[in-house]
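Undergrad: After the structure tokens below, expect a handful of questions from me.
2 protein chains.
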Amino acid sequence: MKLITRDADYAIRAVCFIAKQGTNKVSVEELVREMKMPRPFLRKVLQILNKSKILKSYKGQGGGFTLALSPDKISLLGLIEVFQGKLKLNECTFKKQVCPNMRLCRVKKKVDSIQKFVVSELQGITVASLLKEGM
Amino acid sequence: MKLITRDADYAIRAVCFIAKQGTNKVSVEELVREMKMPRPFLRKVLQILNKSKILKSYKGQGGGFTLALSPDKISLLGLIEVFQGKLKLNECTFKKQVCPNMRLCRVKKKVDSIQKFVVSELQGITVASLLKEGM
DNA sequence: GACAAATGACACAAGGAGAGTATCATATTA
DNA sequence: TAATATGATACTCTCCTTGTGTCATTTGTC
């Protein structure tokens, strides 16, 4: 059970690195050298981050990526959800057909509260806060 | 991201039902009728619960399953870990080769603390507590 | 003892998700 | 216009989830 999948993990590291470079564009080449990730996979990750408007991309010679948002506006939760969809620990594997008492289900209620905690924790961690402590 | 996989979910419901029947043996037939789970899959789930000494099985005519432990000794965490292995949210997808600063990694630290919370919450929910509130 | 009724032990299979690759199209700028 | 970036997209490979199916073994009843 992974809370953070590989692509999300790559994304976190890449975004932190890009954030550190400020307004300087960072190319895929640079990231590959620096972080030793598989090039094609990283490219896909960056493209997704671009589409979801967390990064801004520049094509052509001298192109690359910069942040599209300020580092304190990018949370771990946000990055995770870009790749894994909305964080849901509480989805019942049985839909209505099997489990008629969804509202009363104590298991679901407990998992709901766990989920709330996890979401709020992940929301509180921003790229800015990660950089501050020297990642 | 599922916290509780399907087999663990089946297990929780089956164990609760069996617990309600006290010392009476419960057969697969009965469980299938009652809970509408696929028969062969449920059989597998029950066999696993038997092997991990949460249930006790009785072969032959009139056989079935009873609890091997008292309901307050069976936690949600225990049931989940039988099927999904030790609950670990905090395993870094990068081992040492890529991520040299495992100890300093703030992401890992945060996830560690989230994991501790989740584990302790799930440990606190027992079959006894589920039954008390009328599952 | 024979038979029926239960569980035990496996081996197999379909489907999807995670992780990664490969190729061509498009934009930029020197 | 050629070189250098990213964009779009389709494909592969493997493992995990969610099952199914078959035969063996045990046990209670007639």
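Chains as they are written, first to last, in the working numbering: chain C, 299 to 433; chain B, 299 to 433.
Each residue gets a CB set at the ideal place from its N, CA and C atoms; glycine is no exception.
This one's a predicted model, so the numbers in the text were calculated from it and none came from an experiment.
Assuming Ala317 of chain C contacts Val425 of chain C (C-beta within less than 8 Å), just tell me the rounded distance between them.
TA: 5 Å
Undergrad: Rounded C-beta distance between Val409 of chain C and Leu385 of chain C? I'm assuming under 8 Å.
TA: Not really, about 12 Å apart at Cβ, beyond 8 Å.
Undergrad: In chain C, what lies closer than 8 Å to Val330 of chain B by C-beta?
TA: Correct list: empty, because the minimum Cβ distance to chain C is about 12 Å.
Undergrad: Enumerate in chain order the residues of its own chain whose CB-to-CB distance from Val417 of chain C is below 7 Å, with the five nearest sequence positions on each side excluded.
TA: Leu375 and Leu385
Undergrad: Work out the CA separation of Cys314 of chain C and Glu327 of chain C for me, nearest whole Å.
TA: Glu327 of chain C and Cys314 of chain C: Cα-Cα distance of roughly 16 Å.
Undergrad: In this structure, what does DSSP give as the bridge partners for Tyr435 of chain B?
TA: For residue 435 of chain B there is no data in the structure shown, the boundaries of chain B being 299 and 433.
Undergrad: Can a CB atom of chain B be found closer than 7 Å to the CB of Arg337 of chain C?
TA: no
Undergrad: Short of 8 Å in beta carbon distance, which residues of its chain neighbour Gly361 of chain B, apart from the five on each side in sequence? Order them along the chain.
TA: Lys323, Ser325 and Ser355
Undergrad: Per the DSSP calculation, Ser373 of chain C is bridged to which residue(s)?
TA: C:Thr424
Undergrad: For a minimum of 4 consecutive residues, which ranges assigned as the alpha helix (DSSP H) are wholly contained in the region 321 to 346 of chain B?
TA: 326 to 333
Undergrad: For the alpha helix (DSSP H) containing Ile310 of chain B, name the first residue and the last one.
TA: Arg304 to Lys318
Undergrad: When DSSP labels each residue in this structure, what does Leu367 of chain B get in the three-state scheme?
TA: coil
Undergrad: Taking 7 Å as the cut-off, decide whether the C-beta atoms of Leu340 of chain B and Phe363 of chain B are in contact.
TA: no
Undergrad: My assumption, with CB atoms under 8 Å, is that Thr391 of chain C sits in contact with Arg304 of chain B. Please give the rounded CB distance.
TA: With a Cβ gap of about 5 Å, Thr391 of chain C and Arg304 of chain B count as contacting.
Undergrad: Measure how close the beta-carbons of Ala312 of chain B and Met333 of chain B come, nearest whole angstrom, since I'm counting them as under 8 Å.
TA: 7 Å
Undergrad: Going along the chain, which residues of its own chain have a beta-carbon closer than 7 Å to the beta-carbon of Gln421 of chain B, five neighbours each way excluded?
TA: Ser373 and Leu375
Undergrad: Could you check whether the Cβ of Lys351 of chain C sits closer than 7 Å to any Cβ belonging to chain B?
TA: no
Undergrad: When the cut-off is 7 Å and only beta carbons count, does Phe315 of chain B lie next to chain C?
TA: no
Undergrad: Helix, strand or coil for Glu389 of chain C per DSSP?
TA: coil
Undergrad: Taking the alpha-carbon positions, what's the Arg331 of chain B to Met299 of chain C distance?
TA: 31 Å
Undergrad: Cutting at 7 Å between CB atoms, please list the residues of its own chain near Ile378 of chain C, excluding the five before and the five after it.
TA: Ile302, Ala306, Leu385 and Leu420
Undergrad: Applying a beta-carbon distance threshold of less than 9 Å, which residues of chain C neighbour Lys414 of chain B?
TA: Residues of chain C passing the Cβ test: none, with the nearest at roughly 11 Å.
Undergrad: For a test of the three-state rule: what should DSSP assign to Lys407 of chain B, helix, strand or coil?
TA: helix
Undergrad: Looking at the structure shown, is Leu301 of chain C part of a helix, part of a strand, or coil, going by DSSP?
TA: coil
Undergrad: Under 9 Å Cβ-Cβ, which residues of chain B neighbour Gln382 of chain C?
TA: Taking a Cβ-Cβ threshold of 9 Å, the residues of chain B close to Gln382 of chain C are Met299, in chain order.
Undergrad: Along chain B, in chain order, which residues have C-beta atoms closer than 8 Å to that of Thr391 of chain C?
TA: The contacting residues are Lys300, Ile302, Thr303, Arg304 and Asp307.
Undergrad: Using only alpha-carbon positions, find the residue among B:Lys342, B:Pro336, B:Lys371 and B:Met335 that is nearest to Ile352 of chain B.
TA: B:Lys371
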